[in-house]
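*Asks:* Here's a structure for you.
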Amino acid sequence: MKRARLIYNPTSGREEMRRLLPDVLDRLDLAGIETSCHATTGEGDAAREAAEACARGYDIIIAAGGDGTLNEVVNGMAGQAGKEFLPPLGIFPLGTTNDFARAMKIPKRWEEYCDLVIENKTRPIDIGKVNGRHFINIAGGGSLTELTYEVPSKLKTLIGQLAYYMKGIEKMASLSPTQLIINAEGHEVMEGEFMLFLIANSNSVGGFEKLAPGAEIDDGMLDVIAVRKCNLAEFIRLVTMALRGDHFNDPHVVYFKTRRMEVTSPGNVLLNLDGELGGELPGVFEILPQHLRIFA
1 MKRARLIYNP TSGREEMRRL LPDVLDRLDL AGIETSCHAT TGEGDAAREA
51 AEACARGYDI IIAAGGDGTL NEVVNGMAGQ AGKEFLPPLG IFPLGTTNDF
101 ARAMKIPKRW EEYCDLVIEN KTRPIDIGKV NGRHFINIAG GGSLTELTYE
151 VPSKLKTLIG QLAYYMKGIE KMASLSPTQL IINAEGHEVM EGEFMLFLIA
201 NSNSVGGFEK LAPGAEIDDG MLDVIAVRKC NLAEFIRLVT MALRGDHFND
251 PHVVYFKTRR MEVTSPGNVL LNLDGELGGE LPGVFEILPQ HLRIFA
């Protein structure tokens, strides 16, 4: 019998996992997967539990929650230095945005996803790393990227995706460029004022499914999008273009692929990793090819 550890955020998705838990455990148990649970209690708890689950030799780890919970579990697993084989990771998307789950076309119905785990349908994926921390879907910097971790969790629970739109409108009023130096492997050094930069590992970023259409989860590359200094009207126009996937034709947008890059700034620039606060610049970003396996 296989052993699984299910790490869930009890507040995600209007506390959906609390209601689903008995049914999920029954379905997995009937298929020969003995599953124990851990409800997260605060910041860093999911990462610690995932690391312990790896150390204790669990066959499967399942993350149930939003992008923040998933990021913590990935960090707990990926940080297991010297462990040659990591258990495959399951993902129950219960958060507000669920960017990575959308990119991987992970079923929203819990029964269908349990069946993927039971049938052991896995695929290898790349993960990103910066300054000792890992990200599975997106890294970024600039004032607008701060909105995802500035939205209160209670507000996200109450009104979902609308909470991000409200915060985005508020942030746009004070949008300002940041001085950056971008030194990417295989490209000339770029220096100047940028509204933001994003490093995508999949094609679904912040609810935009056409923001990085060329990004692939297992190609060993980071897809980088940077927006040069522009005024508010130009930036809003860029956002509408990004909804259609036409933003690459705009002169303010810089796009390229790389395996490694360093970003520095004379100012204080906070980093966003999978929607969570991830430290600040300077940062050295790199890709870890096919570092994890997920059920998908």
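The sequence shown begins at 1 in the UniProt record's numbering and counts up one residue at a time. Just so it is clear, CB atoms sit at the ideal spot from N, CA and C, and this is done for glycine as well. Computed from a predicted structure; not experimentally measured.
Determine the contact status of Asp223 and Asn201, defining contact as a CB-CB distance below 9 Å.
*Replies:* In the sequence shown, the residue the question calls residue 223 occupies position 223. In the sequence shown, the residue the question calls residue 201 occupies position 201. The answer is yes: Cβ separation under 9 Å.
*Asks:* In angstroms, rounded to a whole number, what distance separates the CA positions of Val269 and Gly278?
*Replies:* Here residue 269 is taken as the residue at index 269 of the sequence shown, counted from 1. Here residue 278 is taken as the residue at index 278 of the sequence shown, counted from 1. Roughly 11 Å between the two C-alpha positions.
*Asks:* Would Leu273 and Asn71 qualify as a contact pair, given that the criterion is a beta-carbon distance under 9 Å?
*Replies:* By one-based count along the sequence shown, residue 273 stands at place 273. By one-based count along the sequence shown, residue 71 stands at place 71. Result yes, Cβ atoms of Leu273 and Asn71 sit closer than 9 Å.
*Asks:* For Gln290, which beta-bridge partners are listed by DSSP?
*Replies:* Translated into the one-based positions of the sequence shown, residue 290 becomes position 290. Paired residue(s): none; Gln290 is not in a bridge.
*Asks:* Keeping to the same chain, check which residues put their C-beta closer than 6 Å to that of Ser12; ignore five residues upstream and five downstream.
*Replies:* For the purposes of this step, residue 12 is taken as residue 12 along the sequence shown, with counting starting at 1. The answer, listed in chain order, is Gly65, Gly66, Leu94, Gly95.
*Asks:* How far does the beta strand (DSSP E) with Cys37 in it extend, from its first residue to its last?
*Replies:* In the sequence shown, residue 37 corresponds to position 37, counting from 1. Run containing Cys37: 33-39, per the beta strand (DSSP E) assignment.
*Asks:* Compute the Euclidean distance between the alpha carbons of Val61 and Gly267, then round it to the nearest angstrom.
*Replies:* Stepping through the sequence shown from its first residue, residue 61 is reached at position 61. Stepping through the sequence shown from its first residue, residue 267 is reached at position 267. Before going further, note that residue 61 is Ile rather than Val in the sequence given. Each residue's Cα considered, the two are about 39 Å apart.
*Asks:* Considering only the beta carbon of each residue, do Val189 and Ile199 sit closer than 9 Å?
*Replies:* As a working note, residue 189 is residue 189 in the sequence shown. As a working note, residue 199 is residue 199 in the sequence shown. No.
*Asks:* Rounding to the nearest angstrom, what Cα-Cα distance links His252 and Phe197 in this structure?
*Replies:* For the purposes of this step, residue 252 is identified with residue 252 of the sequence shown, where counting begins at 1. For the purposes of this step, residue 197 is identified with residue 197 of the sequence shown, where counting begins at 1. Spanning the two alpha carbons is a distance of roughly 12 Å.
*Asks:* Three-state secondary structure (DSSP) at Ile118?
*Replies:* Taking the sequence shown and counting its residues from 1, the one referred to as residue 118 is at position 118. Note: Ile118 maps to helix in three-state DSSP.
*Asks:* Restricting to Cα atoms, I'd like to know which of Thr40, Arg228, Leu28 is closest to Ile118.
*Replies:* The count along the sequence shown starts at 1 and reaches residue 118 at position 118. Measuring from the Cα of Ile118, the nearest candidate turns out to be Leu28.
*Asks:* What does the alpha-carbon distance come out to for the pair Gly79 and Glu193?
*Replies:* Here residue 79 refers to the residue found at position 79 when the sequence shown is read from its first residue. Here residue 193 refers to the residue found at position 193 when the sequence shown is read from its first residue. Cα to Cα, the separation comes out at about 34 Å.
*Asks:* Under 8 Å by Cβ, that's how I've got Met195 and Gly142 pegged, so tell me the actual separation to the nearest angstrom.
*Replies:* The count along the sequence shown starts at 1 and reaches residue 195 at position 195. The count along the sequence shown starts at 1 and reaches residue 142 at position 142. The Cβ separation is near 6 Å, so the contact holds.
*Asks:* Counting along the chain, where does the beta strand (DSSP E) carrying Asn272 start and finish?
*Replies:* The residue you call residue 272 lines up with position 272 of the sequence shown. That run of the beta strand (DSSP E) goes 270-273.
*Asks:* According to DSSP, Phe256 sits in a beta bridge with which residue or residues?
*Replies:* Here residue 256 refers to the residue found at position 256 of the sequence shown. Phe256 pairs with Val224.
*Asks:* Tell me the residue span of the alpha helix (DSSP H) that contains Met77.
*Replies:* In the sequence shown, the residue the question calls residue 77 occupies position 77. Looking at the DSSP string, the run of the alpha helix (DSSP H) that includes Met77 is 67-78.
*Asks:* Return the CA-CA distance between Val239 and Leu271, expressed in angstroms with no decimal places.
*Replies:* Taking the sequence shown and counting its residues from 1, the one referred to as residue 239 is at position 239. Taking the sequence shown and counting its residues from 1, the one referred to as residue 271 is at position 271. Cα-Cα distance, rounded: 21 Å.
*Asks:* Looking at the strands, I want to know which residues DSSP matches up with Arg18.
*Replies:* Mapped onto the sequence shown, residue 18 falls at position 18. None; Arg18 has no bridge partner.
*Asks:* Could you tell me the alpha carbon to alpha carbon distance between Asp126 and Thr35, rounded to whole angstroms?
*Replies:* Here residue 126 is taken as the residue at index 126 of the sequence shown, counted from 1. Here residue 35 is taken as the residue at index 35 of the sequence shown, counted from 1. Roughly 26 Å separates the two Cα atoms.
*Asks:* Tell me, please, which residues DSSP counts as bridged to Phe92.
*Replies:* Along the sequence shown, read from residue 1 onward, the residue named residue 92 stands at position 92. DSSP lists Ala64 as partners of Phe92.
*Asks:* Give every residue of the same chain whose Cβ lies closer than 6 Å to the Cβ of Thr40, excluding the five residues on either side of it in the sequence, and list them in chain order.
*Replies:* Taking the first residue of the sequence shown as position 1, residue 40 is located at position 40. Only Asn9, Ala46 meet the Cβ criterion.
*Asks:* Determine the contact status of Asp59 and Lys121, defining contact as a CB-CB distance below 9 Å.
*Replies:* Residue 59 sits at position 59 when you count from the first residue of the sequence shown. Residue 121 sits at position 121 when you count from the first residue of the sequence shown. Not a contact, by the Cβ cut-off of 9 Å.
*Asks:* Under 9 Å, do Glu209 and Ala103 count as touching if we go by C-beta distance?
*Replies:* What you label residue 209 is simply residue 209 of the sequence shown in a count that begins at 1. What you label residue 103 is simply residue 103 of the sequence shown in a count that begins at 1. Contact: yes.
*Asks:* I'd like to check one pair, Phe85 with Leu175: are the Cβ atoms closer than 9 Å?
*Replies:* Start at 1 with the first residue of the sequence shown, and residue 175 comes out as number 175. Start at 1 with the first residue of the sequence shown, and residue 85 comes out as number 85. Result no, Cβ atoms of Leu175 and Phe85 do not sit closer than 9 Å.
*Asks:* Reducing DSSP to helix, strand and coil, say where Ile159 ends up.
*Replies:* The residue labelled residue 159 in the question sits at position 159 within the sequence shown. The pLDDT assigned to Ile159 is 37, lower than 50, so where the model puts this residue is not dependable; a value taken from the coordinates is nonetheless given after this. The answer is helix: DSSP assigns Ile159 an H, G or I state.
*Asks:* So what's Ile127 in DSSP terms, helix, strand or just coil?
*Replies:* Locating residue 127 in the sequence shown gives position 127, where the first residue counts as 1. Ile127: strand per DSSP, three-state reduction.
*Asks:* Taking just the CA atoms, how far does Pro177 sit from Glu111?
*Replies:* As a first step, residue 111 must be located in the sequence shown, where it is residue number 111. As a first step, residue 177 must be located in the sequence shown, where it is residue number 177. Using only the alpha carbons, I get a separation of about 46 Å.
*Asks:* Would you tell me roughly how many angstroms separate the C-alpha atoms of Arg293 and Val227, rounded to the nearest one?
*Replies:* Here the question's residue 293 lines up with position 293 in the sequence shown. Here the question's residue 227 lines up with position 227 in the sequence shown. So the two alpha carbons sit approximately 32 Å from each other.
*Asks:* Determine, using beta carbons only, whether Ala63 and Phe92 come nearer to each other than 9 Å.
*Replies:* In the sequence shown, residue 63 corresponds to position 63, counting from 1. In the sequence shown, residue 92 corresponds to position 92, counting from 1. Going by C-beta atoms, Ala63 is nearer than 9 Å to Phe92.
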